[in-house]
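Each residue of the sequence shown is one higher than the last, beginning at 4 in the working numbering. What follows is one structure encoded as structure tokens, with my remarks underneath.
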Amino acid sequence: ILDPARLHVKNVLVVLRDSLLTVNSAAARLQRDYRSTSEQALIGHARRVAAACARSARNVAPARDAVRNGPLTTRAQQRVQVTLLRMLDSLNTSLTQCEADFAAMAQAGNGEEVRDYGNRRLEPVLGLLMRYDHAAIGYFKVYDMDVDPIGTRPNPLAS
């Protein structure tokens, strides 16, 4: 059972995690369709990527505040806090740039630009999302927070 301070941090980080999944989903659709879909559909994909990056970027500041103000009792917690704060700063910068890049590509007539450059512009964002995920997992472990993947149900045999 988590104390209220750790529960708050966990809840805020889970909201961020869930919003980052929308970036992955939008990126996956673009990666899947870029070769064979119409320019209009590609512009729609770029619009969805921009919106997902914007939604996720809005969740970074509350997560950063929660982590920064979270409880610290051990050196391990201090180390993972510093690591996660750096990751959150990088994530904010990357998501803000992602929103700007894909909002520009989502303009009418830019379908071929999305086809030619969209996936390449996603690579650094997706790489950072994976690195952030590893940092967040480390944070959850050090703070002894159980965070289940989305869609999992409690084990009925666990007590």
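Even glycine gets a Cβ: it sits at the ideal position worked out from N, Cα and C.
Q) Would VAL63 pass as a contact of ASN14 if the rule is Cβ separation under 8 Å? A) In the sequence shown, counting from the first residue as 1, residue 63 sits at position 60. In the sequence shown, counting from the first residue as 1, residue 14 sits at position 11. Going by C-beta atoms, VAL63 is not nearer than 8 Å to ASN14.
Q. To the nearest angstrom, how far is it from the Cα of SER22 to the Cα of ARG58?
A. The residue given as residue 22 occupies position 19 in the sequence shown. The residue given as residue 58 occupies position 55 in the sequence shown. CA-to-CA, the gap between SER22 and ARG58 works out to about 7 Å.
Q) Looking only at C-alpha atoms, which of ARG67, THR77, TYR120 sits nearest to LEU33? A) Working through the sequence shown from its first residue, we reach residue 33 at position 30. Of ARG67, THR77, TYR120, the residue nearest in Cα terms is TYR120.
Q. Whose C-beta lies closer than 8 Å to the C-beta of ALA69 among residues of the same chain, with five residues either side of it excluded?
A. As a first step, residue 69 is located in the sequence shown; it is residue number 66 there, counting from the start. HIS11, VAL12, VAL15, LEU16, listed in sequence order.
(Q) Taking the straight line between their C-alpha atoms, what separation do you get for ARG124 and ARG61? (A) Here residue 124 corresponds to residue number 121 of the sequence shown, with the count starting at 1. Here residue 61 corresponds to residue number 58 of the sequence shown, with the count starting at 1. Rounded to the nearest angstrom, the gap between the Cα atoms of ARG124 and ARG61 is 20 Å.
Q) How is the alpha helix (DSSP H) around ALA109 delimited, first residue to last? A) Sequence index remark: in the sequence shown, residue 109 carries index 106 (1-based). From DSSP, ALA109 is part of no alpha helix (DSSP H); its letter is neither H nor E.
(Q) My output table needs one value for VAL150: the three-state DSSP class, helix, strand or coil. (A) In the sequence shown, the residue the question calls residue 150 occupies position 147. Residue state, collapsed to three classes: coil.
Q: Determine the contact status of LEU88 and ARG67, defining contact as a CB-CB distance below 8 Å.
A: Reading the sequence shown from its first residue, position 85 is the one you call residue 88. Reading the sequence shown from its first residue, position 64 is the one you call residue 67. LEU88 is a Cβ neighbour of ARG67, given a cutoff of 8 Å.
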